[in-house]
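**Student:** Let me give you the structure first, and then I'll get to my questions.
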Amino acid sequence: MIETLSRAAFATLAGSALLKTVASRYGMRTPGSFARRFVAGETMEEAIAAAAELERQGLIVTLDHLGERVATQEAALAAARDYGAIIEAAAGAGISRNLSVKLTQLGLDIDRATCTDNLRRVLDVAAQADFFVRIDMEGSAYTQSTFDVFESLWGIGCRNIGVVIQAYLRRSPGDVARMNELGTRVRLVKGAYREPREVAFQEKEDVDRAFVELMRMLLTAGHSPAIATHDPAMIEATRGFATERGLARTAYEFQLLYGIRRDLQRALAADGHPVRVYVPFGTEWFPYFMRRLGERPANVGFVMKSLFKEQQD
Ligand code: FDA
Numbered sequence: 003m004i005e006t007l008s009r010a011a012f013a014t015l016a017g018s019a020l021l022k023t024v025a026s027r028y029g030m031r032t033p034g035s036f037a038r039r040f041v042a043g044e045t046m047e048e049a050i051a052a053a054a055e056l057e058r059q060g061l062i063v064t065l066d067h068l069g070e071r072v073a074t075q076e077a078a079l080a081a082a083r084d085y086g087a088i089i090e091a092a093a094g095a096g097i098s099r100n101l102s103v104k105l106t107q108l109g110l111d112i113d114r115a116t117c118t119d120n121l122r123r124v125l126d127v128a129a130q131a132d133f134f135v136r137i138d139m140e141g142s143a144y145t146q147s148t149f150d151v152f153e154s155l156w157g158i159g160c161r162n163i164g165v166v167i168q169a170y171l172r173r174s175p176g177d178v179a180r181m182n183e184l185g186t187r188v189r190l191v192k193g194a195y196r197e198p199r200e201v202a203f204q205e206k207e208d209v210d211r212a213f214v215e216l217m218r219m220l221l222t223a224g225h226s227p228a229i230a231t232h233d234p235a236m237i238e239a240t241r242g243f244a245t246e247r248g249l250a251r252t253a254y255e256f257q258l259l260y261g262i263r264r265d266l267q268r269a270l271a272a273d274g275h276p277v278r279v280y281v282p283f284g285t286e287w288f289p290y291f292m293r294r295l296g297e298r299p300a301n302v303g304f305v306m307k308s309l310f311k312e313q314q315d
């Protein structure tokens, strides 16, 4: 039954206040709690410890302070300032200088100018500490405005910044071509949101075909592209194309999410590929966590088992 739950069903569940209350109570309570499989912790210290452990295993990281769709100027500014503290702590700990941010966390729902100012604040601090900042891509209602904010900062010379392109969007070949032309670093993903048929492919085989096409564009004319997937077929297609083109393994990187296919993360790194793990942390982990369940409904079984165990402990 669980296997037949759709991404749409998870999007609906993600809106449930009751579920959020229950999940928040049990999800991160102890080191064995279910959300900890996908979220490194609620505090910066926990995230840095998790990142340092990954780096000891030969992986590199990007830190994501979870939070999205903030509704007030104060919250958006606070999110930008929090990144200042994270940059300082991560630099002090000697882990990779790489962040992932969401524009709705920095005020995109309020207005574009607020968001642009806040992102500029983050980029200024990041540039001083030699950090790279990746703008995650959210639902399709934000795609164009995300590229607009990005281009306005790129246009005034910010270069420590990159974007994410989702293979499921029908518009993405044009976006990849544009980013290649600008010289921007792109992370390619399949896409994690529920989208209408008019804007996004719905079938896995169509998304996979698009992913391979975009991967080829990036490996041919892109700039330090990141191929972000846990799908062995996509990874093999990438390795095969890179070999065909005579590319060094360091010409691109693989990226995977914290807690997902840890075996594959280590195997790729052992084989000489740069492998960056996306390390999310913070108290606002519920929407992120629900997207991970939606990608693989079998994860619900894992959650139920740990919940049952928690209640016995
Ligand atoms: P697919 O979904 O086809 O999964 C392939 C295999 O991977 C599965 O069979 C399973 O083995 C494993 N797997 C995948 N998801 C799993 C899960 N949740 N739990 C356990 N196993 C799982 N999306 C977006 O819209 N905007 C963004 O900015 C980002 N950023 C981002 C960064 C990084 C580093 C990664 C890896 C992914 C993202 N994503 C994202 C998410 C992305 O769009 C996509 O939803 C997931 O990566 C799942 O797709 P796969 O490519 O892994 O393939």
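In our numbering, the protein residues as written are 3 to 315.
Quick reminder that beta carbons are idealized off the backbone N, C-alpha and C, glycines included.
Fair warning: this is a prediction, and the values are worked out from it, not measured in the lab.
Can you determine whether any heavy atom of the ligand FDA sits closer than 7 Å to the C-beta of Y280, and answer yes or no?
**Tutor:** Yes; taking the cut-off as 7 Å, the Cβ of Y280 has a heavy atom of the ligand FDA nearer than that.
**Student:** Start and end of the beta strand (DSSP E) containing Y280?
**Tutor:** Counting along the chain, the beta strand (DSSP E) containing Y280 begins and ends at 277-283.
**Student:** Using CA coordinates, which residue listed in M217, K206, E207, R211 is at the minimum distance from M181?
**Tutor:** Of the listed residues, the one whose Cα sits closest to M181 is M217.
**Student:** Given D111, which residues of its chain have a CB within under 8 Å of its CB, disregarding the five upstream and five downstream residues?
**Tutor:** Excluding residues within five positions, the ones whose Cβ falls inside 8 Å are R71, V72, A73.
**Student:** Please go through the region 157-209 and give each complete beta strand (DSSP E) segment of 3 or more residues, from N-terminal end onward.
**Tutor:** Within the region 157-209, the complete beta strand (DSSP E) runs of at least 3 residues are 163-168, 187-191.
**Student:** Quick check on the DSSP output: the alpha helix (DSSP H) that includes L20 runs from which residue to which?
**Tutor:** Looking at the DSSP string, the run of the alpha helix (DSSP H) that includes L20 is 19-28.
**Student:** Is there contact between the region 230-250 and the region 47-55, where contact requires at least three CB pairs shorter than 8 Å?
**Tutor:** Not touching, per the Cβ criterion.
**Student:** Return the chain-ordered list of same chain residues with a C-beta closer than 6 Å to the C-beta of F134, the five sequence neighbours on each side being excluded.
**Tutor:** Within the same chain, F134 has close Cβ partners N100, N162.
**Student:** With DSSP as the reference, label S102 as helix, strand or coil.
**Tutor:** The answer is strand: DSSP assigns S102 an E or B state.
**Student:** Indicate whether R9 and R263 have their beta-carbon atoms separated by less than 8 Å.
**Tutor:** No; because the gap between Cβ atoms is not below 8 Å, this pair is not in contact.
**Student:** Buried or exposed: which applies to K104, given that a residue is buried once 16 or more other Cβ atoms fall within 10 Å of its Cβ?
**Tutor:** So K104 ends up on the buried side.
**Student:** Quick check: does the Cβ of V119 come within less than 7 Å of any heavy atom belonging to the ligand FDA?
**Tutor:** Just to set this straight, residue 119 is Asp in the shown sequence, not Val. For the ligand FDA, not one heavy atom lies less than 7 Å from the Cβ of D119.
**Student:** Between F256 and the rest of its own chain, which residues show a CB-CB distance below 6 Å, the 5 nearest in sequence each way excluded?
**Tutor:** Hits under 6 Å: I229, L270, H275, V277.
**Student:** Under 8 Å by Cβ, that's how I've got L171 and T145 pegged, so tell me the actual separation to the nearest angstrom.
**Tutor:** L171 to T145, Cβ: 7 Å. Contact.
**Student:** Only counting the same chain, and skipping five residues up and downstream in sequence, which positions put a Cβ closer than 8 Å to that of Q75?
**Tutor:** Here the set comprises G109, I112, T116.
**Student:** Please state if the CB of E286 and the CB of P69 are separated by a distance shorter than 8 Å.
**Tutor:** According to the sequence shown, residue 69 is Gly rather than Pro. Yes, the pair counts as a contact, with Cβ atoms nearer than the cut-off.
**Student:** Report the option in Q130, G159, L220 whose CA atom is closest to the CA atom of A169.
**Tutor:** Looking at the Cα atoms, L220 is the closest of the given residues.
**Student:** Could you name the residues of the same chain whose beta carbon sits closer than 6 Å to that of A53, not counting the 5 residues immediately before and after it, in chain order?
**Tutor:** Here the set comprises V63, I97, V281.
**Student:** So, for A223: in the same chain, excluding its five sequence neighbours on each side, which residues have a beta-carbon less than 7 Å away from its beta-carbon?
**Tutor:** Here the set comprises N182.
**Student:** Report the three-state DSSP secondary structure of T231 (helix, strand or coil).
**Tutor:** The answer is coil: DSSP assigns T231 none of H, G, I, E or B.
**Student:** Closest to L79 by C-alpha separation, out of F40, V124, L258, would be which residue?
**Tutor:** Among F40, V124, L258, the Cα nearest to that of L79 is on V124.
**Student:** What do you get for L21, buried or exposed, if any count of 16 or more other CB atoms within 10 angstroms of its CB means buried?
**Tutor:** When all chains shown are included, L21 counts as exposed.
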